[in-house]
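Asker: Starting off with a structure, shown below.
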Amino acid sequence: MDDVTLARFAELAVDFGANLQPGQVVSLSGAPGKEALVRAIANRAYEKGAKFVDLAWFDPWIKRARIEHAADDTLEFVPPWYGERILALGKDRGAAITLSGPVAPGLLDDLDPVRSGRDRLPAIRETGEVVGRRELNWTILPGPTPAWAELVHPGLEPAEALAKLEGQLLHVLRLDEEDPVAAWRSRADRLVSVAKLLTERQFDALHYEGPGTEMTVGLLPGASWQAARFETADGIPHMPNLPTEEVFTSPDPTRVDGYVTSSKPLVLIDGTVVRDLYVRFENGRAVELNSSTAQETMRTIITRDEGAARLGEVALVDNEGRIGALDTVFYDTLLDENAASHIALGRAFPFLAGDEETAGRMNESDIHIDFMIGSEQLNITGITKDGERVPVLYGGAWQV
């Protein structure tokens, strides 16, 4: 990206996505290959009055060294100050900006998958707690790298691949618009209106039917659907995901039955690629999990705690967004989950509960892993408490 584009990207992240307020501390997460974007965002944050920009850096090569050489009984160790840092940021009502996108695809592929599954860094359990309490105004955006571009567009020369990926990201971020913020507000209005309709319907369950998928997911009474815009407990609006095209809720973790097959590869936070994921649920729990890659890694992850094998999120994505229309697998959950409907194993979102009783029934876990199940062939039907079946999302088009 040239300097002008970098500046516009940083403005979208800081001014609109995170909606940084003067005097806030900013947690800025980056990785090798994203230095230019990190610096542009930090520069904009200080221009907007940040008290301090706290850089959190993740290097997957160091993670590889740990998995390869560290003692077996240390792989799940997370230094306590990692969690304390996040909790302190929430207590101080800070802001957070994260750049997604792989920097070393396949780096861990030749390592023991069980050991890989036990080391969940850079994921931090306390992050979910702080987000659930709405203590941070935060956002995540995709940060392109040459390695990522080569993964997405392997048939192109490196420079051409990077240029194409950057062009696609600028498009889905609406930075190719004269006024990207106005474009985002228009899209957010549409998604929020659908979320409101779904909340009002108070379906008892959703039924999914499509290639490799036949599943019924129970919903919690009083739980709301949400989309696009969040607001902190102190009233600061922000856009957690840029881009975002989803409408989502947290389901009943004890009422999921059937089987589901992923429609796109899942890329874990450490860059591990999980392909052809198949999960079968009984009474809410994943009792069978298979995949053509990283199978043992995933099987290890879902035994991490009691809630890791249950659902914490269901999200619906229509065909009006910009990501799905590109017909590209980005190997990045932020993008791929907003190209197709998806579900997530692990932690739910207590802020979607209508009351404390409902919040207490939501799933709890240290993990939250989204994987994509949507396609043009997937139909999603709402089931009322009286058993009436109401079309919700058919072939990517809203029916509500």
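For the sequence shown, my numbering gives the first residue as 2, with consecutive numbering after it. Ideal placement from N, C-alpha and C gives every residue a C-beta, glycine not left out.
Using the rule of at least 16 other Cβ atoms within 10 Å of the residue's Cβ for burial, across every protein chain shown, is leucine 269 buried or exposed?
Answerer: Buried: at least 16 other Cβ atoms inside 10 Å.
Asker: Say whether the segment 200-213 touches the segment 174-186, bearing in mind that this needs 3 or more beta-carbon pairs closer than 8 Å, one atom from each stretch.
Answerer: The segment 200-213, when compared against the segment 174-186, does not touch it at the 8 Å Cβ threshold.
Asker: Which term fits alanine 72, buried or exposed, when burial requires 16 or more other beta carbons within 10 angstroms of its beta carbon?
Answerer: Per the 10 Å Cβ criterion, exposed.
Asker: Where are the alpha helix (DSSP H) runs, 4 residues long or more, that stay fully inside the segment 299-367, in chain order?
Answerer: Within the segment 299-367, the complete alpha helix (DSSP H) runs of at least 4 residues are 334-337, 357-362.
Asker: Would you give the residue range spanned by the alpha helix (DSSP H) that isoleucine 68 belongs to?
Answerer: Unbroken alpha helix (DSSP H) run through isoleucine 68: 61-70.
Asker: Does the beta-carbon of glycine 107, which I'm using as the reference point, lie nearer than 7 Å to any heavy atom of the ligand COA?
Answerer: The ligand content of the structure shown is nil, which means the ligand COA is not present either.
Asker: Going by DSSP, what residue range makes up the beta strand (DSSP E) through threonine 217?
Answerer: It spans 214-220 - the beta strand (DSSP E) in which threonine 217 sits, taken as one unbroken run.
Asker: Assign proline 103 to one of three DSSP states: helix, strand, or coil.
Answerer: In this structure, proline 103 counts as coil in the three-state DSSP scheme.
Asker: Are the Cβ atoms of phenylalanine 53 and valine 26 separated by less than 8 Å?
Answerer: In this structure, valine 26 lies closer than 8 Å to phenylalanine 53 by Cβ.
Asker: Just grab the DSSP bridge partners of valine 280 for me.
Answerer: Valine 280 pairs with Val261, Leu290.
Asker: Please determine if the segment 8-28 and the segment 113-132 are in contact, where contact requires at least 3 C-beta pairs separated by less than 8 Å.
Answerer: Segments in contact, no.
Asker: Can you list, in chain order, the residues of its chain whose CB lies under 6 Å from that of leucine 171, leaving out five sequence neighbours each side?
Answerer: Cβ neighbours of leucine 171 beyond the five flanking positions: Asp177.
Asker: Check whether the Cβ atoms of alanine 196 and alanine 234 lie closer than 8 Å to each other.
Answerer: Cβ distance not < 8 Å, so alanine 196 and alanine 234 don't count as in contact.
Asker: Output the residue ranges of the beta strand (DSSP E) runs that lie fully inside the segment 137-194 and measure 3 residues or longer, sorted by chain position.
Answerer: Qualifying beta strand (DSSP E) stretches, in chain order: 138-143.
Asker: Could you check where the alpha helix (DSSP H) with glutamate 377 kicks off and where it finishes?
Answerer: Careful: glutamate 377 lies outside any alpha helix (DSSP H) and carries neither H nor E.
Asker: Grab me the residues of arginine 230's own chain with a C-beta within less than 8 Å of its C-beta, minus the 5 sequence neighbours each way, in chain order.
Answerer: Cβ neighbours of arginine 230 beyond the five flanking positions: Ala189, Val193, Pro238, His239, Met240.
Asker: Could you give the residue range of the alpha helix (DSSP H) that holds threonine 128?
Answerer: 126-133 is the span of the alpha helix (DSSP H), which, as asked, contains threonine 128.
Asker: For serine 117, does the three-state DSSP call read helix, strand or coil?
Answerer: In the structure shown, serine 117 sits in a helix (DSSP, three-state: H, G or I).
Asker: From the DSSP output, read off the bridge partner residues of proline 266.
Answerer: According to DSSP, which records beta bridges pairwise, proline 266 is partnered with nothing at all.
Asker: Could you pull the start and end residues of the alpha helix (DSSP H) that glutamate 48 belongs to?
Answerer: From DSSP, the alpha helix (DSSP H) with glutamate 48 extends over 36-48.
Asker: Starting from glutamate 246, trace the alpha helix (DSSP H) in both directions and tell me its first and last residue.
Answerer: First-last for glutamate 246: undefined, no H or E at that position.
Asker: From valine 104 to valine 391, what does the alpha carbon distance come to, in whole angstroms?
Answerer: Each residue's Cα considered, the two are about 43 Å apart.
Asker: Can you tell me which of the three DSSP states glutamate 77 falls into?
Answerer: Residue state, collapsed to three classes: coil.
Asker: Which residue wins for smallest C-alpha separation from glycine 118, given the options Leu157, Pro106, Ser101, Glu77?
Answerer: Per the Cα distances, Glu77.
Asker: Going by C-alpha distance, which of Pro155, Leu108, Arg121 is nearest proline 80?
Answerer: When only C-alpha atoms are compared, the closest one is Arg121.
Asker: Under a Cβ-count criterion, where at least 16 other Cβ atoms within 10 Å of its own Cβ denotes burial, should leucine 56 be classed as buried or exposed?
Answerer: Leucine 56 is exposed by the Cβ-count criterion.
Asker: Take leucine 220 as the anchor and find which of Gly375, Ala354, Ala89, Glu321 has the nearest alpha-carbon.
Answerer: The option with the nearest alpha carbon to leucine 220 is Ala354.
Asker: Would you check if the distance between the CB atom of valine 274 and the CB atom of proline 61 is smaller than 8 Å?
Answerer: The answer is no: Cβ separation not under 8 Å.
Asker: When we look at the beta-carbon of glycine 95 and count the other beta-carbons within 10 Å, is it buried (16 or more) or exposed?
Answerer: So glycine 95 counts as buried.
Asker: Short check: CB of arginine 305 to CB of isoleucine 368, under 8 Å?
Answerer: A contact, by the Cβ cut-off of 8 Å.
Asker: What residues in its chain sit with their C-beta under 6 Å from that of tryptophan 1, if we drop five residues either side in the sequence?
Answerer: Any property of residue 1 remains undetermined from this structure, which presents the chain solely from 2 to 401.
Asker: Can you give the Cα-Cα distance for alanine 398 and alanine 326, rounded to whole angstroms?
Answerer: Those two C-alpha atoms are separated by around 13 Å.
Asker: Report the residue from Asn20, Asp319, Leu379 whose alpha carbon sits nearest the alpha carbon of threonine 437.
Answerer: Absent from the model: residue 437. The displayed extent of the chain is 2 to 401, so no value can be given.
Asker: Which class does glutamine 296 belong to by DSSP, given the choice of helix, strand or coil?
Answerer: DSSP places glutamine 296 in helix when its eight states are reduced to three.
Asker: What would DSSP say about glutamate 389, mapped onto helix, strand or coil?
Answerer: In the structure shown, glutamate 389 sits in coil (DSSP, three-state: anything other than H, G, I, E or B).
Asker: From Phe372, Phe331, Lys165, pick the residue whose C-alpha is nearest to that of glutamate 314; which is it?
Answerer: Closest option to glutamate 314, Cα to Cα, is Phe372.
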